[in-house]
Each structure stands twice: as C-alpha cells, then as structure tokens.
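Per the working numbering, residue 2 is the first one in the sequence shown, and the count goes up by one each step.
We treat Cβ as the ideally placed atom computed from N, Cα and C, and that holds for glycine.
These numbers come from a predicted model, not from an experiment.
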Amino acid sequence: MRAENDKHDLPASGGHVPVMLERVLELLAPALSGPHPVVVDANLGLGGHAEALLAAHPSLHLVGIDRDPTAIERSTARLAPYADRTTLVRAVSDELTEVLADSGHPRVNGVLFDLGVSSPQLDEAERGFAYSYDAPLDMRMDRDQELTAETVVNTYPVPQLIRILRDYGEERFAPRVAHLIGKERAKEAITSTKRLAEIVREAIPAATRRTGGNPAKRTFQALRIEVNAELTALERALPAALDALTLGGRVVVLAYHSLEDRLTKQVLATRTKETGPPGMPVPLPAHQPRFALLTRGAELPSEEEVARNPRAASARCRAAERIREAVDEE
Numbered sequence: 002m003r004a005e006n007d008k009h010d011l012p013a014s015g016g017h018v019p020v021m022l023e024r025v026l027e028l029l030a031p032a033l034s035g036p037h038p039v040v041v042d043a044n045l046g047l048g049g050h051a052e053a054l055l056a057a058h059p060s061l062h063l064v065g066i067d068r069d070p071t072a073i074e075r076s077t078a079r080l081a082p083y084a085d086r087t088t089l090v091r092a093v094s095d096e097l098t099e100v101l102a103d104s105g106h107p108r109v110n111g112v113l114f115d116l117g118v119s120s121p122q123l124d125e126a127e128r129g130f131a132y133s134y135d136a137p138l139d140m141r142m143d144r145d146q147e148l149t150a151e152t153v154v155n156t157y158p159v160p161q162l163i164r165i166l167r168d169y170g171e172e173r174f175a176p177r178v179a180h181l182i183g184k185e186r187a188k189e190a191i192t193s194t195k196r197l198a199e200i201v202r203e204a205i206p207a208a209t210r211r212t213g214g215n216p217a218k219r220t221f222q223a224l225r226i227e228v229n230a231e232l233t234a235l236e237r238a239l240p241a242a243l244d245a246l247t248l249g250g251r252v253v254v255l256a257y258h259s260l261e262d263r264l265t266k267q268v269l270a271t272r273t274k275e276t277g278p279p280g281m282p283v284p285l286p287a288h289q290p291r292f293a294l295l296t297r298g299a300e301l302p303s304e305e306e307v308a309r310n311p312r313a314a315s316a317r318c319r320a321a322e323r324i325r326e327a328v329d330e331e
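As structure tokens, then:
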C-alpha cells in the first residue's frame with residue numbers, strides 16, 4: 002500500500018504536474034538516506050521530479066540529463082535555488098555512463114527514468130508532436146539533429162514504414178496506412194501534422210475509427226519513437242544505470258506505452274534472476290542476482306491522480322534495487 006505523503010510538503014509545480022510523484026519519492030527515499038547521495042534524472046524534462054527530490058533530501062546532488070535544450074533551459078531556471086547541488090547536462094540518456102564520469106559521480110544511489118514526450122513538447126504546436134495541432138512534421142526532441150518526421154514520412158520506403166508503424170505504433174492497419182502515405186506523397190510531399198492525420202484517418206476502416214480515440218495516435222507515436230530512437234536509447238541507458246548503482250541503490254522507471262514498459266520489464270527481469278544451471282541446491286555467488294524488484298508488476302497511477310492529471314493515465318511504474326555487487330567488485 003502506498004504511503005500518503007503530505008502534499009503541502011511537495012514543491013509547487015508551476016502548472017507542470019510530475020507523474021506519480023509521491024510514489025517516485027517513496028521508492029527512491031531509502032536509497033537517498035545516506036550522507037551525500039547522488040541521484041540521476043535521466044529524462045529531466047521540466048524538472049518536476051528533480052525539484053521534489055532536491056527539496057526532500059537536503060544533502061542530495063542531482064545529475065539531470067535531457068537532449069532537449071529547451072528542457073535544460075527551463076529546468077535550470079526552475080532548479081536555480083538548488084544550483085549548488087545540481088549538474089544539468091544536455092545529452093541523450095544512453096550517454097549516461099559518460100555523463101556520470103564527466104560529472105565525477107561514476108557510481109550513484111538512484112536513477113529515475115521518466116520516459117516519453119514531455120508536456121511542453123506536446124503543448125508547443127511548432128514541435129509537431131501532436132496530431133491535435135496543425136504544425137510542421139518535426140517531432141525532434143533535439144532540434145539540432147537532422148532526422149525529422151517529415152523525412153521519415155516522405156523518404157522511407159513503404160516496407161520500412163510498415164515495420165515502424167507495426168513495431169513502434171502497434172498499428173494493426175500499418176500496411177494500409179503506409180501504402181496510402183506512399184500514394185499521397187507521390188502527388189505532393191506530406192509536410193504537416195494535419196495532412197498526415199487526415200491520411201491516417203482515411204486509411205483506417207470506418208468501423209475502427211469510431212472507437213479508441215484519434216486514429217492517428219499510433220502512427221504519431223511510431224514516428225516519434227523512430228525520429229528520436231527512443232527504444233534504442235532506453236535499451237542502452239537502463240543497463241548502464243543499473244551498472245552505476247551502488248549497493249542499496251535504486252532505479253525507478255515511468256513508462257507510457259507498452260513497448261517502453263515491456264523493454265523495462267525484460268531488462269529488470271534479466272538482472273533479478275539467478276544465472277546458474279538449474280537444479281543447483283545453492284546458487285554460486287557468481288550466479289546470484291544482483292538486483293531485486295521493488296514493484297509487483299507495473300504499478301499504475303491512482304484514479305485520483307488521473308482525474309487531476311489525465312496525462313498520467315498511461316503511466317506504468319517499475320523499480321528495482323541493487324542487493325549485491327558484482328563478484329569482481331567485491
């Protein structure tokens with residue numbers, strides 16, 4: 002059962018509501034109770050979780066990572082009262098090992114992954130993440146990178162589009178959507194979110210369009226993941242985070258779609274299982290798990306939180322703790 006924190010003790014969010022904040026604080030607290038703990042926020046965003054962690058732990062040093070320069074700029078302003086206890090770095094989460102080495106904190110006590118697209122990226126129409134606005138097809142979290150959603154939509158071969166829509170968007174009508182995109186882009190380049198959403202809607206059968214929300218949702222998700230290589234980054238970053246944890250250190254992951262959550266589950270399951278041959282009465286030290294799960298399955302936000310913050314509805318929380326050092330570290 003989740004502990005009920007006093008909401009008045011949490012810092013003001015300035016309109017930004019961090020997802021599952023109380024549960025994140027609760028899960029990380031035991032790992033941050035020692036002298037001079039270090040925590041990594043691997044997807045800093047607007048710094049809501051970071052601010053709450055710094056307020057709750059007066060001796061904590063926070064290393065914040067985000068690829069979006071706007072996020073770094075805004076979180077720097079938000080976390081200004083804690084400037085002497087923060088190291089904010091513009092980088093992709095899979096550069097975590099290098100960031101920690103450069104910051105002088107190669108081993109840390111906690112890591113938080115708050116995955117997916119942030120509120121300002123969704124709310125700023127010109128970023129092109131949302132199908133609810135008419136905007137250029139962009140979807141870059143880092144606007145200095147070259148690959149955009151417009152490039153993907155207009156230049157990727159149709160079979161590759163099918164794979165992306167099926168694998169990253171779990172779009173059951175991926176062939177229909179991709180073939181219609183191919184047909185329409187041959188007439189004129191597809192450059193706006195509105196035009197792409199119209200094409201997707203046309204490709205989806207009418208009976209299906211009547212349920213399940215906006216039919217463009219899965220296509221936009223797939224393109225965003227492809228443009229930003231989100232799953233590839235997580236696939237590298239999460240194991241690196243686990244390797245960086247000290248004994249008793251904890252990792253918390255907030256995922257917002259099934260692909261992120263599935264990958265998180267797989268990585269944590271691998272690290273929390275014995276690796277020795279089956280049938281041994283006592284596993285050898287080298288084969289004992291280094292980590293233990295802190296959550297049973299994926300925890301969900303409360304109904305009250307979803308009512309307050311609808312964007313929390315799809316959140317799935319998983320966490321693990323380092324319970325042993327690797328044998329060669331002992």
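message: Please report the distance separating the alpha-carbon of residue 176 from that of residue 259.
response: Along the sequence shown, read from residue 1 onward, the residue named residue 176 stands at position 175. Along the sequence shown, read from residue 1 onward, the residue named residue 259 stands at position 258. Cα to Cα, residue 176 sits roughly 21 Å from residue 259.
task: Please say whether residue 295 and residue 28 have beta carbons closer to each other than 8 Å?
output: Sequence index remark: in the sequence shown, residue 28 carries index 27 (1-based). Sequence index remark: in the sequence shown, residue 295 carries index 294 (1-based). In this structure, residue 295 lies closer than 8 Å to residue 28 by Cβ.
query: If you pair each beta-carbon of the region 224–235 with each one of the region 88–98, do three or more pairs fall below 8 Å?
result: yes
query: Buried or exposed: where does residue 34 fall if 16 or more other Cβ atoms within 10 Å of its Cβ makes it buried?
result: As a first step, residue 34 is located in the sequence shown; it is residue number 33 there, counting from the start. Classification for residue 34: exposed.
query: Going straight from the alpha carbon of residue 86 to that of residue 38, what length do you get?
result: The residue you call residue 86 lines up with position 85 of the sequence shown. The residue you call residue 38 lines up with position 37 of the sequence shown. For residue 86 and residue 38, the distance between alpha carbons rounds to 11 Å.
task: To the nearest angstrom, report how far apart residue 20 and residue 49 are at their CA atoms.
output: By one-based count along the sequence shown, residue 20 stands at place 19. By one-based count along the sequence shown, residue 49 stands at place 48. Going by the C-alpha atoms only, they are around 9 Å apart.
message: Rounding to the nearest angstrom, what Cα-Cα distance links residue 168 and residue 107 in this structure?
response: Translated into positions along the sequence shown, residue 168 becomes position 167. Translated into positions along the sequence shown, residue 107 becomes position 106. Their Cα atoms are separated by approximately 34 Å.
message: Going by the DSSP bridge assignment, what does residue 137 pair with across the sheet?
response: Numbered from 1 along the sequence shown, position 136 holds the residue referred to as residue 137. In DSSP, residue 137 forms a bridge with 193.
- prompt: Can you list, in chain order, the residues of its chain whose CB lies under 7 Å from that of residue 155, leaving out five sequence neighbours each side?
  reply: By 1-based counting over the sequence shown, the position of residue 155 is 154. 186, 190 and 191, listed in sequence order.
query: Excluding the five sequence neighbours on either side, which residues of its own chain have a C-beta within less than 6 Å of the C-beta of residue 246, listed in chain order?
result: As a first step, residue 246 is located in the sequence shown; it is residue number 245 there, counting from the start. Once the five neighbours on either side are set aside, the close Cβ partners of residue 246 are 323.
query: When you compare each of 58, 70 and 68 to residue 83 by their alpha carbons, which one comes out closest?
result: If you number the sequence shown from 1, residue 83 lands on position 82. Among 58, 70 and 68, the Cα nearest to that of residue 83 is on 58.
field: Buried versus exposed, by CB contacts within 10 Å (16 or more), residue 170
entry: For the purposes of this step, residue 170 is taken as residue 169 along the sequence shown, with counting starting at 1. Its Cβ being crowded by 16 or more others within 10 Å, residue 170 is buried.
field: Proximity of residue 113 and residue 253 at Cβ, strictly below 8 Å
entry: Within the sequence shown, numbered from 1, the residue matching residue 113 stands at position 112. Within the sequence shown, numbered from 1, the residue matching residue 253 stands at position 252. Yes, these two residues count as a Cβ contact at 8 Å.
- request: With distances taken Cα to Cα, identify the nearest neighbour of residue 45 among 88, 24 and 32.
  value: Here residue 45 refers to the residue found at position 44 of the sequence shown. Residue 45 has its Cα closest to that of 88, out of 88, 24 and 32.
query: Could you check where the beta strand (DSSP E) with residue 110 kicks off and where it finishes?
result: On the sequence shown, position 109 is the one that residue 110 refers to. Residues 109–115.
task: Run the CB neighbour count on residue 117, radius 10 Å, all protein chains shown included, and call it buried at 16 or more, exposed below.
output: The residue you call residue 117 lines up with position 116 of the sequence shown. Classification for residue 117: buried.
query: residue 323 lies in the beta strand (DSSP E); which residues open and close that run?
result: Against the sequence shown, residue 323 aligns to sequence position 322. Residues 317–323.
message: Can you tell me whether residue 66 is helix, strand or coil according to DSSP?
response: Taking the first residue of the sequence shown as 1, we reach residue 66 at position 65. Of the three classes helix, strand and coil, the one that applies to residue 66 here is strand, per DSSP.
message: For residue 319, which residues in the same chain have their Cβ closer than 7 Å to its Cβ, ignoring the five residues on either side in sequence?
response: For this step, residue 319 is matched to residue 318 along the sequence shown. Taken in chain order, the residues that qualify are 254, 265, 266, 269, 296 and 299.
message: Can you look up residue 292 in the DSSP assignment and give me helix, strand or coil?
response: For the purposes of this step, residue 292 is identified with residue 291 of the sequence shown, where counting begins at 1. Residue state, collapsed to three classes: strand.
query: Who are the Cβ neighbours of residue 142 in its own chain at under 6 Å, not counting the five residues just before and after it?
result: Counting from one through the sequence shown, the residue named residue 142 turns up at place 141. Excluding sequence neighbours, residue 142 sits near 68, 69 and 229.
query: Using the C-alpha atoms, what's the distance from residue 150 back to residue 248?
result: As a position in the sequence shown, residue 248 is number 247, starting the count at 1. As a position in the sequence shown, residue 150 is number 149, starting the count at 1. Going from the Cα of residue 248 to the Cα of residue 150 covers about 42 Å.
- prompt: Would residue 173 be called buried (16 or more neighbouring beta carbons within 10 Å of its own) or exposed?
  reply: The residue labelled residue 173 in the question sits at position 172 within the sequence shown. The residue in question, residue 173, is exposed, as its Cβ has fewer than 16 Cβ neighbours within 10 Å.
query: Considering only C-alpha positions, which residue in the set 111, 215 and 18 is nearest to residue 63?
result: Counted from its first residue, the sequence shown places residue 63 at position 62. Nearest option by C-alpha distance: 111.
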